[in-house]
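Asks: Remember, the working numbering sits 11 above the position in the sequence shown when you count from 1. Ideal placement from N, C-alpha and C gives every residue a C-beta, glycine not left out. These numbers come from a predicted model, not from an experiment.
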Amino acid sequence: MNDWSIQEVARLAGTTSRALRHYDDIGLLPPSRVAPNGYRHYDERALVRLQRILLLRELGLGLPQIAEVLERERSEASALQTHLALLREEQGRLARQIAAVEHTIDALTGKEELMTDSMFDGFDHTQYKEEVEQRWGAKAYADGDRWWRGQTPEERAAFQERVAQLGRDWIAAAESGVPADADAAQELAARHVAWLRSVPGTPAANGGDIKAYVLGLGEMYVADPRFAKNYETSAGGTAGAEFVRDALRVYAERSL
């Protein structure tokens with residue numbers, strides 16, 4: 012039977028060996044065998060299970076929920092049919108997002124009038140409701156949801172651009188090779204924390220333990236592929252996310 016090393020699986024799946032080792036540690040994806048040299052190997056059945064894990068992560072489920080789903084849905088073919096239906100729903104949502112952005116571009120270039128009621132078609136922050144509530148409580152989600160719904164379309168667009176620009180600046184800094192404790196990196200860390208403080212419902216905004224919150228987020232940016240890809244440099248991998256984590260750690264120790 013064919014199997015693949017942990018490095019090969021990480022490359023094939025677009026994840027990291029660290030993430031796969033973590034999945035093994037928590038019993039979510041044990042290797043099919045462990046070679047005499049200690050290297051983990053995965054067979055076809057394990058690859059199917061990994062595909063299901065990554066699909067569920069893309070749908071916003073946390074690892075404990077994923078474990079429950081995998082335990083509940085033993086039939087892989089049936090479960091993947093459900094995944095396929097959800098992916099097709101996501102495909103439709105992305106198509107609406109693309110159309111909305113294309114419309115905005117046309118409006119900005121003078122081709123048509125901007126229609127604010129369709130600018131945000133397909134953008135749905137509620138997909139993260141369960142995960143936010145699990146991590147930080149129902150009140151955190153309710154506060155953030157109320158704040159977001161109270162924003163005007165222009166305020167939402169400005170906020171999204173602020174977040175996108177912060178991400179671009181993090182990637183540029185990571186690719187430039189500056190140390191995490193350099194002034195440029197620490198200025199970005201200060202901007203990042205200021206952004207976190209601006210969102211009602213987060214521990215950074217409601218008087219919680221902001222230092223622990225920032226340190227925890229930094230670790231999550233590296234460990235969770237959904238977050239790591241936001242800071243992925245042209246070299247790929249998690250180096251960008253690791254740079255963000257390290258810069259935030261320095262800032263937290265110095266200033267929080």
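DSSP state of Leu199, grouped into three classes?
Replies: helix
Asks: Span of the alpha helix (DSSP H) holding Ser187?
Replies: 164–187
Asks: Indicate the three-state DSSP secondary structure (helix, strand or coil) for Val45 in the structure shown.
Replies: Residue state, collapsed to three classes: strand.
Asks: List the residues that DSSP assigns as beta-bridge partners of His52.
Replies: Ser16, Arg44.
Asks: Would you report the Cα separation of His52 and Ile182, rounded to the nearest angstrom?
Replies: 32 Å
Asks: Rounding to the nearest angstrom, what Cα-Cα distance links Arg256 and Thr26 in this structure?
Replies: Distance from the CA of Arg256 to the CA of Thr26, rounded to the nearest whole angstrom, comes to 18 Å.
Asks: Report the rounded CA-to-CA distance for Gln197 versus Ala175, giving the unit in angstroms.
Replies: 18 Å
Asks: How far does the alpha helix (DSSP H) with Ala78 in it reach, from first residue to last?
Replies: Per DSSP, Ala78 belongs to the alpha helix (DSSP H) from 74–83.
Asks: Answer yes if the region 32–42 comes into contact with the region 73–85, meaning at least three C-beta pairs across the two stretches below 8 Å, and no otherwise.
Replies: yes
Asks: Shortest alpha-carbon distance to Arg173 belongs to which of Ala184, Gln162, Ala191, Arg202?
Replies: Arg202
Asks: Taking the straight line between their C-alpha atoms, what separation do you get for Ala46 and Ser86?
Replies: Per the coordinates, the alpha-carbon of Ala46 lies some 29 Å from the alpha-carbon of Ser86.
Asks: Output needed for Leu267: all residues of its chain with C-beta closer than 6 Å, excluding positions within five of it in sequence on either side, in chain order.
Replies: Ile221, Lys222
Asks: Output the boundary residues of the alpha helix (DSSP H) element that contains Asp35.
Replies: 28–36
Asks: Less than 8 Å between the CB atoms is what I'm expecting for Phe254 and Ala200, so what's the real figure, rounded?
Replies: Not quite, the Cβ-Cβ distance comes to about 10 Å (not below 8 Å), so this is no contact.
Asks: How should Tyr50 be labelled, buried or exposed, when 16 other C-beta atoms within 10 angstroms of its C-beta is the threshold for buried?
Replies: exposed
Asks: Helix or strand or just coil, what does DSSP make of Asp194?
Replies: helix
Asks: For Pro190, which residues in the same chain have their Cβ closer than 8 Å to its Cβ, ignoring the five residues on either side in sequence?
Replies: Ala196
Asks: Alpha carbon to alpha carbon, what distance is there between Leu67 and Gln76?
Replies: 9 Å
Asks: Let me make sure I understand the geometry here. Which of Ala88, Asp194, Arg179 has the alpha-carbon closest to that of Gly252?
Replies: Residue 252 is actually Ala in this sequence, not Gly. Looking at the Cα atoms, Arg179 is the closest of the given residues.
Asks: Three-state secondary structure (DSSP) at Leu228?
Replies: helix
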